[in-house]
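J.: In the numbering used here, the protein residues as written are 22 to 458.
I have a structure I would like to understand better, so I am pasting it below and will then ask my questions one at a time.
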Ligand SMILES: Cc1cc2nc3c(=O)[nH]c(=O)nc-3n(C[C@H](O)[C@H](O)[C@H](O)COP(=O)(O)OP(=O)(O)OC[C@H]3O[C@@H](n4cnc5c(N)ncnc54)[C@H](O)[C@@H]3O)c2cc1C
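This is the structure in structure tokens:
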């Protein structure tokens, strides 16, 4: 088979489809924008609590990053632990780290409760050091994480690394046994089915074009204009991540969309697959411009990276395949002759401070900013924000969520209108940082 420009994960699942004649209801308690992990997780929890929920998705269920990612269910946040503590103080940083661990439990629990067959497994993750000084830093990080967050990371010396990875280009590694893996397309399909089972309605090809405040029968709420017509909702929850657009301009200005790309090889001989990744870990390296990789359940090498600093399109996808193949062979010369079968890209979302954010903006609820750690955190934030929305509607108790209410910075000097003109420069900057740091 030649290489296809297509998301491999989608070949492993039948995505649920919204009903054939999608007539929007006149009103809903909550309109959820986006049918990815964030929106669907929120819709499931809200519907379970008795809310009338309409999920509005401009494309199809799981169309965004949620079906396209590496399926790495990771502990921690993108921001380093020392930075986390110095920015937020120990107490808040501890709650944030604890939330990152709870987010993996949350995925595990949903997968179990809903019986989602998505190859979820606590396979652990392995971070590998591209430079000696990155490795030296691992011991310090592990010490901080043990002391401050009561969580164990295991440092792996270079001479012991062959038990973890069949590559000799790295200076050592660090293992976290708590992280997990899954098949993201199967997981997002399962979440959609779970939301539907709980009573939420999902509308595909229903792009939200604009939102206006409008009261109905004395109740404050929103009029949403979509490509399928209008509806009124008491509350709006935005889960549009890297695809956030003009309908929510205040949020769009705070999010940098970044393209990430993935290739997969043909199915590898079992012995070779085991040599490349003996413990089947989720692996990523220590660079800013990082590679992340893993085996798929059927034994392909899936290799991803931020190969272009532009959101995906035909050209960036094709170019990325070659760049990533070269990267993969640097890591694993054993794969020089392996055929590539799939390449695809997707867009993820970074806030200017590389942190997840949730709360209310312009009166709408939102959760964004997962910075490549969204499989677990998006699921968790969807659930937590649903609990918050339900609590505020019924004057119930506010759930604990350390990411609500932290400062949410926009671009320096406000120089950003949602068109990321600076990304090529940012790309060059990151490459430069990798070279010097
Ligand atoms: C290539 C790639 C690899 C990744 N690898 C990993 C990984 O291994 N581990 C990890 O934890 N994270 C990873 N991520 C990040 C992770 O996939 C995301 O953080 C997560 O899927 C975000 O989920 P979401 O539901 O918030 O957004 P999305 O899944 O992107 O969904 C947003 C949805 O909103 C819809 N939408 C946008 N605007 C509108 C509108 N106006 N009206 C209606 N609908 C709208 C879009 O069509 C889209 O379907 C990766 C991302 C990419 C792209």
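Glycine is no exception: its CB is placed at the ideal position from the N, C-alpha and C atoms.
Keep in mind it's a predicted model, so treat the numbers as computed, not measured.
Can you confirm whether residue 148, when its beta carbon is compared against all beta carbons of chain C, has any partner nearer than 7 Å?
T.: The structure shown contains no chain C; it is built from a single protein chain.
J.: Per DSSP, which residues does residue 244 bridge with? Please list them.
T.: Residue 244 sits at position 223 when you count from the first residue of the chain shown. In the DSSP output, where bridge partners are listed per residue, residue 244 has 233 and 253.
J.: Decide if residue 203 is buried, meaning its Cβ has at least 16 other Cβ atoms within 10 Å, or exposed.
T.: Reading the chain shown from its first residue, position 182 is the one you call residue 203. It is buried - the Cβ of residue 203 has at least 16 other Cβ atoms within 10 Å.
J.: How would you label residue 142, buried or exposed, when you count the other beta carbons within 10 angstroms and need 16 or more for buried?
T.: Within the chain shown, the letter at position 121 stands for residue 142. Flag for residue 142 reads exposed.
J.: Cβ atoms of residue 188 and residue 353: under 7 Å apart, would you say?
T.: The sequence position of residue 353 within the chain shown is 332, counting from 1. The sequence position of residue 188 within the chain shown is 167, counting from 1. For residue 353 and residue 188, yes; Cβs fall inside 7 Å.
J.: Considering residue 348, what are the terminal residues of the beta strand (DSSP E) in which it resides?
T.: As a position in the chain shown, residue 348 is number 327, starting the count at 1. It is not in any beta strand (DSSP E) - residue 348 instead sits in the alpha helix (DSSP H) that spans 335-352.
J.: Checking the sheet assignment: what are the DSSP bridge partners for residue 381?
T.: Reading the chain shown from its first residue, position 360 is the one you call residue 381. Partner(s): 386.
J.: Could you check how far apart the C-beta atoms of residue 265 and residue 285 are, in whole angstroms? I think they sit under 8 Å.
T.: Position 244 of the chain shown, counting from 1, holds the residue named residue 265. Position 264 of the chain shown, counting from 1, holds the residue named residue 285. At roughly 28 Å, the Cβ-Cβ gap does not stay under 8 Å, so residue 265 and residue 285 are not in contact.
J.: Any heavy atom of ligand 1 within a distance shorter than 6 Å of the CB on residue 54?
T.: Against the chain shown, residue 54 aligns to sequence position 33. For ligand 1, at least one heavy atom lies less than 6 Å from the Cβ of residue 54.
J.: According to DSSP, which residues form a beta bridge with residue 75?
T.: Position 54 of the chain shown, counting from 1, holds the residue named residue 75. DSSP lists 52 and 222 as partners of residue 75.
J.: Give the C-beta separation of residue 57 and residue 262 to the nearest angstrom, bearing in mind that I take them to be a contact with Cβ-Cβ under 8 Å.
T.: Locating residue 57 in the chain shown gives position 36, counting from the first residue. Locating residue 262 in the chain shown gives position 241, counting from the first residue. Indeed, because the Cβ distance is near 6 Å, the residues count as touching under 8 Å.
J.: Give the secondary structure of residue 117 by DSSP, where H, G and I count as helix, E and B as strand, and everything else as coil.
T.: Counting from one through the chain shown, the residue named residue 117 turns up at place 96. It is helical.
J.: Name the two residues that bound the continuous beta strand (DSSP E) containing residue 281.
T.: Locating residue 281 in the chain shown gives position 260, counting from the first residue. 276-286 is the span of the beta strand (DSSP E), which, as asked, contains residue 281.
J.: Say the cut is 6 Å; is the CB of residue 231 nearer than that to a heavy atom of ligand 1?
T.: Translated into positions along the chain shown, residue 231 becomes position 210. No; taking the cut-off as 6 Å, the Cβ of residue 231 has no heavy atom of ligand 1 nearer than that.
J.: Considering only the alpha carbon of each residue, which of 183, 428, 398 and 176 lies closest to residue 299?
T.: Here residue 299 refers to the residue found at position 278 when the chain shown is read from its first residue. Selected option, being the one with the closest Cα: 183.
J.: Cα separation between residue 222 and residue 80?
T.: Within the chain shown, the letter at position 201 stands for residue 222. Within the chain shown, the letter at position 59 stands for residue 80. The straight-line gap from Cα to Cα measures roughly 15 Å.
J.: Compute the Euclidean distance between the alpha carbons of residue 237 and residue 420, then round it to the nearest angstrom.
T.: Within the chain shown, numbered from 1, the residue matching residue 237 stands at position 216. Within the chain shown, numbered from 1, the residue matching residue 420 stands at position 399. Each residue's alpha carbon lies about 28 Å from the other.
J.: Going by the C-beta, is residue 396 closer than 6 Å to any heavy atom of ligand 1?
T.: Mapped onto the chain shown, residue 396 falls at position 375. Residue 396 Cβ: within cutoff of ligand 1.
J.: Which term fits residue 88, buried or exposed, when burial requires 16 or more other beta carbons within 10 angstroms of its beta carbon?
T.: Start at 1 with the first residue of the chain shown, and residue 88 comes out as number 67. Counting Cβ neighbours within 10 Å, residue 88 comes out buried, since at least 16 surround it.
J.: Kindly give me the distance between the Cβ atoms of residue 428 and residue 370, rounded to whole angstroms, as I take these residues to be in contact under 8 Å.
T.: Mapped onto the chain shown, residue 428 falls at position 407. Mapped onto the chain shown, residue 370 falls at position 349. Wrong, their Cβ atoms sit about 17 Å apart, outside the cutoff.
J.: Which residue wins for smallest C-alpha separation from residue 230, given the options 250, 213 and 105?
T.: The residue given as residue 230 occupies position 209 in the chain shown. Answer by Cα proximity: 250.
J.: So does residue 98 have its beta carbon nearer than 6 Å to some heavy atom of ligand 1?
T.: Taking the chain shown and counting its residues from 1, the one referred to as residue 98 is at position 77. Residue 98: no, Cβ never under 6 Å from ligand 1.
J.: Just to confirm the assignment: which complete alpha helix (DSSP H) runs, minimum length 4, are found wholly within the stretch 114-191?
T.: 153-170
J.: So, is residue 44 buried or exposed, given that buried needs 16 or more other C-beta atoms within 10 angstroms?
T.: The sequence position of residue 44 within the chain shown is 23, counting from 1. By the neighbour-count criterion, in which 16 or more other beta carbons inside 10 Å mark a residue as buried, residue 44 falls on the exposed side.
J.: Does the distance between the C-beta of residue 315 and the nearest non-hydrogen atom of ligand 1 fall short of 6 Å?
T.: For the purposes of this step, residue 315 is identified with residue 294 of the chain shown, where counting begins at 1. Not under cutoff, so the answer is no.
J.: In three-state DSSP terms, what is residue 312?
T.: Residue numbering aside, residue 312 sits at position 291 when the chain shown is read from its first letter. Residue 312 falls in the strand class under three-state DSSP.
J.: Within 10 Å of its beta-carbon, does residue 86 have 16 or more other beta-carbons around it, so buried, or fewer, so exposed?
T.: On the chain shown, position 65 is the one that residue 86 refers to. So residue 86 counts as buried.
J.: So, for residue 69: in the same chain, excluding its five sequence neighbours on each side, which residues have a beta-carbon less than 6 Å away from its beta-carbon?
T.: One-based indexing of the chain shown puts residue 69 at position 48. Around residue 69: 219.
J.: Rounding to the nearest angstrom, what Cα-Cα distance links residue 396 and residue 211 in this structure?
T.: Reading the chain shown from its first residue, position 375 is the one you call residue 396. Reading the chain shown from its first residue, position 190 is the one you call residue 211. Using only the alpha carbons, I get a separation of about 13 Å.
J.: Using 10 angstroms around the beta-carbon of residue 357, count the other beta-carbons present and answer buried if the total reaches 16, otherwise exposed.
T.: Within the chain shown, the letter at position 336 stands for residue 357. Classification of residue 357: exposed, given that the 10 Å Cβ count is below 16.
J.: In or out: residue 124 buried (at least 16 other Cβ within 10 Å) or exposed?
T.: Along the chain shown, one-based indexing puts residue 124 at 103. Burial check for residue 124: the Cβ neighbour count within 10 Å reaches 16 or more, so the residue is buried.
J.: State the start and end residues of the unbroken alpha helix (DSSP H) segment that holds residue 406.
T.: Stepping through the chain shown from its first residue, residue 406 is reached at position 385. Its alpha helix (DSSP H) spans residues 395-415.
J.: Check whether the stretch 378-389 touches the stretch 100-111, taking contact to mean three or more Cβ pairs, one atom from each stretch, closer than 8 Å.
T.: Look at the beta carbons and you see the stretch 378-389 not touching the stretch 100-111: under three pairs across the two are nearer than 8 Å.
J.: Once DSSP output is grouped into helix, strand and coil, what is the label at residue 85?
T.: Walking along the chain shown from the start, residue 85 turns up at place 64. Here residue 85 sits in coil by DSSP.
J.: Please state whether DSSP places residue 201 in a helix, a strand or coil.
T.: Translated into positions along the chain shown, residue 201 becomes position 180. In this structure, residue 201 counts as strand in the three-state DSSP scheme.
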